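The structure under discussion appears below in the form of structure tokens.
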Amino acid sequence: MKVLLTIALILCIGGVITKPSQGTIYLPNLMVPAKVMTEWMFISGEQLNGVDTRYLNITFGGANVGPGHLVMVGDKDPNKEIWYARQAVCDSNGDWTLLDHRAGFFDFYGGAHQHMHWNTWALYGLINLETGRITKSEKKSFSLVNSRKTKYKLDAPGQPKTVPNPLTIGGVTYPMHAYRTLTQIGQRVRAGYMDIYTPWVNDPIPFSGDGFYLLVGMVDPENKIKEWNENDNYSAVLLRIKGTSITVLDYWEAG
Numbered sequence: 002m003k004v005l006l007t008i009a010l011i012l013c014i015g016g017v018i019t020k021p022s023q024g025t026i027y028l029p030n031l032m033v034p035a036k037v038m039t040e041w042m043f044i045s046g047e048q049l050n051g052v053d054t055r056y057l058n059i060t061f062g063g064a065n066v067g068p069g070h071l072v073m074v075g076d077k078d079p080n081k082e083i084w085y086a087r088q089a090v091c092d093s094n095g096d097w098t099l100l101d102h103r104a105g106f107f108d109f110y111g112g113a114h115q116h117m118h119w120n121t122w123a124l125y126g127l128i129n130l131e132t133g134r135i136t137k138s139e140k141k142s143f144s145l146v147n148s149r150k151t152k153y154k155l156d157a158p159g160q161p162k163t164v165p166n167p168l169t170i171g172g173v174t175y176p177m178h179a180y181r182t183l184t185q186i187g188q189r190v191r192a193g194y195m196d197i198y199t200p201w202v203n204d205p206i207p208f209s210g211d212g213f214y215l216l217v218g219m220v221d222p223e224n225k226i227k228e229w230n231e232n233d234n235y236s237a238v239l240l241r242i243k244g245t246s247i248t249v250l251d252y253w254e255a256g
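When we follow this note's numbering, the leftmost residue of the sequence shown carries the number 2, and every step to the right adds one.
Below, the structure written as structure tokens:
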């Protein structure tokens, strides 16, 4: 936990639960695959007349290695366009329940798609290893979706392999969609899948000066999601930047 808090402060700053009369509850576990951050990566901006206005553009993926599915559901505020989110979890009997904590919210950020974004999905930044200067950016999830399978997945006996659509909990039905016309909404990343965004929809990271940099990425930086392991939500990549050229020197992943 100390390591996680340290990196969180630099940038901006467990598997199951058993309850009486209930099966084993499976929590998700989120990680940041380090190599995904470099799949599509480029530098925009320029160095002109001594002014450096360059940006590092990266890919970002939040992977759910399980055992539980990541499911966020929202109920609309009657007075404004916000859906307050809670986390839904499944147990070994195949039954679904809502955790007690409020897990952020969904809101609308424009565009023709008309769906909600779950707030604060990712935080990522650069540390200049020569000067110590830190720059960062963050990513609001367009929607939590199953973009690609992960390399790892923990077993969850009794849990369905997919999330029901719609998902009904306590008599309330949550469609696994997040459209503005709905009072109840839901989004999910199944165990064994990741949610990926390319550089063209991520906010770029500003930086100045050539040299060695540490690119650090974190998923769920505000710790709104209850997980099997809360200490492996980040990864790092060692880069050498010169002009618009990027050389990847090493990868590191927590856990």
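In this text, a Cβ means the ideal position worked out from N, Cα and C, and glycines have one as well. All values derive from a computational prediction rather than experimental measurement.
Close-in-space but distant-in-sequence residues of the same chain around residue i (CB under 7 Å, 5 per side omitted)
i             : result
aspartate 221 : Leu31 and Asn234
threonine 245 : Ile44
valine 173    : Gln185
lysine 243    : Asp211
valine 164    : His70, Val72, Met177, Arg189 and Arg191
glutamate 40  : Thr60
proline 167   : Thr174, Tyr175, Pro176 and Met177
Selected residue, minimal CA-CA separation from residue i, among the options
i             : options                          : result
valine 37     : Gly212, Ile186 and Lys150        : Lys150
glutamate 47  : Phe208, Asp92, Asn147 and Gly212 : Phe208
arginine 55   : Ser236, Ile206 and Leu168        : Ile206
valine 72     : Ala86, Ile242 and Thr132         : Ala86
asparagine 80 : Thr184, Val238 and Pro200        : Thr184
proline 158   : His70, Val52, Thr182 and Asp76   : His70
threonine 199 : Met42, Leu127 and Pro34          : Met42
glutamate 223 : Thr248, Thr25, Tyr125 and Asn50  : Tyr125
arginine 181  : Arg191, Ser93 and Phe107         : Phe107
leucine 240   : Asn230, Leu215 and Trp253        : Leu215
valine 190    : Glu40, Asn50 and Gly62           : Gly62
Residue i, enclosing beta strand (DSSP E) - first and last residue
i              : result
aspartate 92   : 84–92
serine 265     : Outside the shown range of the chain, which is 2 to 256, sits residue 265, and nothing can be said about it.
proline 167    : First-last for proline 167: undefined, no H or E at that position.
valine 33      : Segment: none, valine 33 is in no beta strand (DSSP E) and carries neither H nor E.
leucine 130    : Neither: leucine 130 is in no beta strand (DSSP E) and is coded neither H nor E.
arginine 189   : 185–190
lysine 152     : Premise fails: lysine 152 is in no beta strand (DSSP E) and is neither H nor E.
valine 146     : Per DSSP, valine 146 belongs to no beta strand (DSSP E) and is neither H nor E.
methionine 177 : It is not in any beta strand (DSSP E) - methionine 177 carries neither H nor E in the DSSP assignment.
Cutoff 8 Å; reference residue i; Cβ partners in own chain excluding five residues on either side
i             : result
valine 4      : In this predicted model, valine 4 has a pLDDT of only 42, less than 50, meaning its place in the structure is not dependable enough to derive any value.
tyrosine 194  : Ala64, Asn65, Asn147, Ser148, Arg149, Lys150 and Thr151
isoleucine 83 : Lys77, Phe106, Phe107 and Asp108
glutamine 23  : Asp92, Asn94, Asp96 and Thr98
methionine 2  : The predicted model places methionine 2 with a pLDDT of 42, which falls under 50 and marks its position as unreliable, so this point remains unresolved.
Residue i, buried or exposed, once every other Cβ within 10 Å from all chains shown has been counted against 16
i              : result
arginine 134   : exposed
valine 202     : exposed
proline 161    : exposed
tryptophan 253 : exposed
glycine 187    : buried
leucine 49     : exposed
glycine 339    : The question about residue 339 has no answer, for the chain in this structure spans 2 to 256.
glycine 75     : buried
Residue i beta carbon near the ligand ADP (any heavy atom closer than 7 Å)
i          : result
lysine 243 : The ligand ADP is not among the ligands present in this structure, which contains no ligands whatsoever.
Collapsed DSSP secondary structure at residue i in the structure displayed
i                 : result
alanine 157       : coil
methionine 38     : helix
tryptophan 122    : coil
valine 52         : strand
tryptophan 201    : helix
isoleucine 65     : According to the sequence shown, residue 65 is asparagine rather than isoleucine. Of the three classes helix, strand and coil, the one that applies to asparagine 65 here is strand, per DSSP.
threonine 248     : strand
leucine 12        : Because the pLDDT at leucine 12 is just 41, under 50, the model does not fix this residue reliably, and the point stays unresolved.
histidine 102     : strand
arginine 241      : strand
proline 207       : strand
leucine 215       : strand
aspartate 196     : strand
phenylalanine 109 : coil
isoleucine 59     : coil
Cut-off 6 Å between Cβ atoms - residues of its own chain near residue i, not counting five sequence neighbours on either side
i             : result
aspartate 53  : Ser209
lysine 225    : Ala104 and Gly105
tyrosine 153  : Val66
threonine 248 : Arg241
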